[in-house]
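Engineer: The listed protein sequences correspond, in order, to chains A and B. Going by the numbering used here, the first sequence opens with residue 2, and the numbers climb by one from there. Going by the numbering used here, the second sequence opens with residue 629, and the numbers climb by one from there. Glycine included, every Cβ here is placed at the ideal spot set by N, Cα and C. Only a predicted model underlies this, so the values are computations on that prediction, with no experimental measurement involved. I'd like to ask some things about the structure below.
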Amino acid sequence: MITAPSIPAALCAALWLGSSAVALAQQARIDVPILYLRQEVDLPPVLSNLDPQPEDLGLAGAEVALKDNQTTGGFLGHDYALTVVSVAPGGALAAAARDAFAAAPFVLVDGTAADVLTVADLPEAAGKLIFNVSAGDARLRSEDCRANVLHTIPEDTARTDALMQVLQARQWRRLALITGPKPVDQAFADALRRSAAKFGLTITGEKPWTFDTDLRESTMAELPRFTQDLPDHDVLLVADPTDDFGRYVPHNTWLPRPVAGSHGLHAEGWASVIEAWGAVQLQNRFEAQAKRDMRARDYAAWLAIRTVGEAVTRQNTADPASLRGFILSADFQQDGFKGRALTFRNWNGQMRQPIAVVNDRALVTMAPVEGFLHQRNETDSLGLDQPESRCTAFGE
Amino acid sequence: MTRLAILLMILTLPAHAGEIWVTNEKDDTVSVIDVDTLEVVRTYPTGERPRGVTFSKDFSRLYICASDSNTVQVMDPDTGEILHDLPSGEDPEQFVLHPDDRHLFIANEDDAVTTVVDTQTRQVVAQINVGIEPEGMAVSPDGKIAITTSETTNMAHWIDTATYTLFANTLVDSRPRHAEFTADGAKLWVSSEIGGTITVFNVADQTEVGKVRFDITGVSADLVQPVGFRFNPEGTKAFVALGPSNHVAVVNMTTYEVETYILVGRRVWHMAFSPDNSQLFTTNGVSGDVTVIDVASETPVKSIKVGRFPWGAAMRPTKSQ
């Protein structure tokens, strides 16, 4: 037994590397190059200057996952590398993708639904394994699904379904809805309406957001009157996913009602308030590296790269076709710090995952909420289910 | 079984003076349960977020992983006084005391490191790089092998305790939480929380020789999550805590088949036997209590309220009164 005072860290590292090298002598090394392809966008102006969107949103999650994979890969002879290609707003995504494609069989796409399809439909994209880490549009999991695209960002309707499960469980069943003017606001409102109907909740009244003034000085006067003529409701829903006006709605309503949707009680693939199921470990790793909280797109990128890592670890290959088969099989499972094993829906490529229903300070619950059953997997009560999806690309 | 029968059973249990010490993760305390009266008799403050807990061989010292205080505390169990802190590395979660009664092998969950501390000199002897989120710790009965399991790397890392180097890394299912050698040192069991399995290795060549799977009627498969476990002294049965399924499985150690499931409190983590091994005490994190299982009949006989989020458990025999 060594009882010498303290072995210097560098010596420990050398010993460790030495022993790994011996263990790996029998094994061929495998290179796993991953491409992160981002289409930058000019964000719309918002009323508040608080909480700007981080410039490394998504990317920071990818970098943490890369380190996680590299540690595991170090024991197995698997070398993970990440290349980032970020296309300026209005830039040529397809051309950039073509240039960068050659090097990487695994591609994360951070952009809109149209961007995901642009990349996935390139001739060079055939045979690649593409992960959508940012677009929640239902069409990518339905009529516009692609066999070479998996989704680690939850679809928007999975999030709104999670929210409605909570409202139904609380028996807060009468809802009113305020919707912003942008197309993304309308799309989110559609998801809220669809989920409300799915879980038997009623939207008693709706109003479009029409203010064109800076509300910051006058919310106390304007908002109560704006919400005064809505029919009575238990919860006021807000559809403002770009965070323009929604932050001014809570506590400024005519009736004393909780706010939910894009603000107040909201549902996310990931939130910084998740601490159970070992999540604190991931939050700590992320904060140490990125110097900020982990958000849903960071988590989706983290999941995509961890999925590649888990598949390579188990299959000992970097061939995208065989890994795709494994990832979509019942043998694949990913730990995502949400208390259940994460798997993929093999009919449309969506990762099956619990959704966090949160407020700004705490996790309210992790959906699926107890009591919402499903014949296959309770998590399939969230988002497009197989009979609803018009995706046929996975029917091989 | 009727309430009267349970009562009679408790009253007729043989004398086996002892205590179960339980760490309360969200109360920063340790609760002491008397195994005769099945009541909490003392509660002592600890450092922040106490989790792993174990006694020295002569039971004169209690070692406590105070995770958020980044230290291992040494307590005098007779007085509850914290005697001193040991250097432990960042975020110690679980540890194991080497058979030499002197070296603690500590999993540093936030640091991907296993730290070896000499409890006499209070010095760090070695730090060994392992996978992401090390947690489960075990040491072979002959003291030659230490095991660290890493929750995100999904491996059991095999450490040569003579050189403090890794000599093997074996994959297990997702999120390994706990490891134990069998008493003869021939087998290593590793539980995988998200994978929902226990992998059994042959120690001599580190090959996988068995897999334990669980299936509880009426409980969704992905909520059956094996975490802590203990072997009975005969080496015939393993008692496996199954987390949010709120059950403990009794596993036949020859066939690796589950013989029965015992209903306990919510989110069961770890467990400890009474000194005569007739009772098993399980920590139930979410319900904040300890379930007492009668080992002979494999039935729960009592719940004991402890602090918030009980996690680790360790037994100390006491002199008969």
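Could I get the ranges of all uninterrupted beta strand (DSSP E) runs contained in the segment 22-64 of chain A, with 3 residues as the minimum, in chain order?
Structural biologist: If we require 3 residues or more, the beta strand (DSSP E) runs fully inside the segment 22-64 of chain A come out as 31-40.
Engineer: Among Asn70(A), Asn133(A) and Ala126(A), which has the Cα closest to the Cα of Val110(A)?
Structural biologist: Answer by Cα proximity: Asn133(A).
Engineer: Would you list, in chain order, the members of the segment 277-306 of chain A that have their beta-carbon closer than 7 Å to a beta-carbon of chain B?
Structural biologist: Result list: Gly279, Gln282 and Asn285.
Engineer: Does the segment 208-217 of chain A come close enough to the segment 179-188 of chain A that 3 or more CB-CB pairs lie under 8 Å?
Structural biologist: Verdict: yes, contact present.
Engineer: State the start and end residues of the unbroken beta strand (DSSP E) segment that holds Thr671(B).
Structural biologist: Element bounds for Thr671(B): Glu667 to Pro673.
Engineer: In this structure, how does DSSP classify Phe338(A) when only helix, strand and coil are distinguished?
Structural biologist: Coil.
Engineer: For a contact meaning CB atoms closer than 7 Å, what does Ala766(B) contact in chain A?
Structural biologist: Within 7 Å Cβ-Cβ: nothing; Ala766(B) doesn't reach chain A, min ~17 Å.
Engineer: Tell me where the beta strand (DSSP E) around Asp922(B) begins and ends.
Structural biologist: Taken as a continuous stretch (DSSP letters only), the beta strand (DSSP E) holding Asp922(B) covers Asp917 to Asp922.
Engineer: Here's the rule I'm using: 16 or more other beta-carbon atoms within 10 Å means buried, otherwise exposed. How should Ala238(A) be labelled?
Structural biologist: In the sequence as displayed, the identity of residue 238(A) is Leu instead of Ala. The residue in question, Leu238(A), is buried, as its Cβ has 16 or more Cβ neighbours within 10 Å.
Engineer: Does the Cβ-Cβ distance between Gly759(B) and Phe76(A) come in under 8 Å?
Structural biologist: Yes, they are a contact pair.
Engineer: Would Leu725(B) count as contacting chain A if we go by Cβ distances under 8 Å?
Structural biologist: Not closer than 8 Å to any Cβ of chain A, the Cβ of Leu725(B) fails to qualify, so no.
Engineer: Within 10 angstroms of its Cβ, does Pro45(A) collect 16 or more other Cβ (buried), or is it exposed?
Structural biologist: The residue in question, Pro45(A), is exposed, as its Cβ has fewer than 16 Cβ neighbours within 10 Å.
Engineer: Output yes if chain B places a C-beta closer than 8 Å to the C-beta of Gln334(A); else output no.
Structural biologist: At least one chain B Cβ lies under 8 Å of Gln334(A).
Engineer: Could you tell me the alpha carbon to alpha carbon distance between Ser906(B) and Leu725(B), rounded to whole angstroms?
Structural biologist: Distance between the alpha carbons of Ser906(B) and Leu725(B) is about 24 Å.
Engineer: Can you find at least 3 beta carbon pairs, one from the segment 87-104 of chain A and one from the segment 266-278 of chain A, that sit closer than 8 Å?
Structural biologist: Too few Cβ pairs lie closer than 8 Å, so no.
Engineer: Any Cβ of chain A within less than 8 Å of the Cβ of Pro780(B)?
Structural biologist: Reading off the sequence shown, one finds Thr at residue 780(B), where the question assumed Pro. Judged by the 8 Å Cβ criterion, Thr780(B) is in contact with chain A.
Engineer: Under a CB-based cut-off of 8 Å, is Arg341(A) close to chain B?
Structural biologist: Chain B, which has a Cβ nearer than 8 Å to the Cβ of Arg341(A), makes this yes.
Engineer: Name the residues in the segment 59-89 of chain A whose C-beta lies less than 7 Å from a C-beta of chain B; which are they?
Structural biologist: Within the segment 59-89 of chain A, the qualifying residues are Asp69, Thr72, Thr73 and Phe76.
Engineer: Can you tell which of Asp162(A), Arg325(A) and Thr113(A) has the C-alpha that lies nearest to the C-alpha of Arg421(A)?
Structural biologist: It is not possible to answer for residue 421(A), since the shown part of chain A is limited to 2 through 397.
Engineer: Tell me which residue opens and which closes the alpha helix (DSSP H) that Asn285(A) is part of.
Structural biologist: Counting along the chain, the alpha helix (DSSP H) containing Asn285(A) begins and ends at Ala280 to Ala291.
Engineer: Under the three-state reduction of DSSP, which class applies to Asn70(A): helix, strand or coil?
Structural biologist: Note: Asn70(A) maps to helix in three-state DSSP.
Engineer: Could you tell me which of Phe327(A), Pro53(A), Trp348(A) and Glu41(A) sits nearest to Pro90(A), measuring between CA atoms?
Structural biologist: The shortest Cα separation from Pro90(A) among Phe327(A), Pro53(A), Trp348(A) and Glu41(A) belongs to Glu41(A).
Engineer: Determine the burial state of Asp843(B): buried for a count of at least 16 other Cβ atoms within 10 Å of its Cβ, exposed for fewer.
Structural biologist: Asp843(B) is exposed by the Cβ-count criterion.
Engineer: Could you check what DSSP says for Gly247(A) in three-state terms: helix, strand or coil?
Structural biologist: Reduced to three states, the DSSP call for Gly247(A) is helix.
Engineer: Taking the alpha carbon of Asn912(B) as the reference point, which residue from Arg679(B), Ser848(B) and Thr845(B) has its own alpha carbon closest?
Structural biologist: The option with the nearest alpha carbon to Asn912(B) is Arg679(B).
Engineer: Under the three-state reduction of DSSP, which class applies to Asp162(A): helix, strand or coil?
Structural biologist: Helix at Asp162(A).
Engineer: In angstroms, rounded to a whole number, what distance separates the CA positions of Phe287(A) and Pro251(A)?
Structural biologist: If I take the Cα positions, the gap works out to 30 Å.
Engineer: So with CB distances below 7 Å, who are the chain B contacts of Glu371(A)?
Structural biologist: Within chain B, no residue comes near Glu371(A); the closest Cβ sits about 10 Å away, beyond 7 Å.
Engineer: Roughly how many angstroms separate the alpha carbons of Asp381(A) and Gln166(A), rounded to a whole number?
Structural biologist: Rounded to whole angstroms, Asp381(A) to Gln166(A) spans 13 Å at the Cα level.
Engineer: Determine the closest residue to Thr883(B) out of Phe859(B), Met899(B) and Val840(B), with distance taken between C-alpha atoms.
Structural biologist: Closest by alpha carbon: Val840(B).
Engineer: Please look up how many angstroms separate the CB atoms of Asp696(B) and Glu676(B), rounded, as I've assumed it's under 8 Å.
Structural biologist: Their Cβ separation, rounded to whole angstroms, is 4 Å, which keeps Asp696(B) and Glu676(B) in contact under 8 Å.
Engineer: Could you tell me the boundaries of the beta strand (DSSP E) in which Gln722(B) lies?
Structural biologist: Here the beta strand (DSSP E) through Gln722(B) covers Pro720 to Leu725.
Engineer: Counting along the chain, where does the alpha helix (DSSP H) carrying Arg195(A) start and finish?
Structural biologist: Counting along the chain, the alpha helix (DSSP H) containing Arg195(A) begins and ends at Pro184 to Lys199.
Engineer: Apart from the five residues just before and just after Leu714(B), which ones in its own chain have a Cβ nearer than 6 Å to its Cβ?
Structural biologist: Once the five neighbours on either side are set aside, the close Cβ partners of Leu714(B) are Val700, Val745 and Arg750.
Engineer: May I ask you to list, following chain order, the residues of the segment 867-900 of chain B that have a beta carbon less than 8 Å from some beta carbon of chain A?
Structural biologist: Taking 8 Å as the Cβ-Cβ cut-off against chain A, the residues of the segment 867-900 of chain B that qualify are Pro872.
Engineer: Only counting the same chain, and skipping five residues up and downstream in sequence, which positions put a Cβ closer than 8 Å to that of Phe687(B)?
Structural biologist: Only Pro705, Arg944 and Pro945 meet the Cβ criterion.
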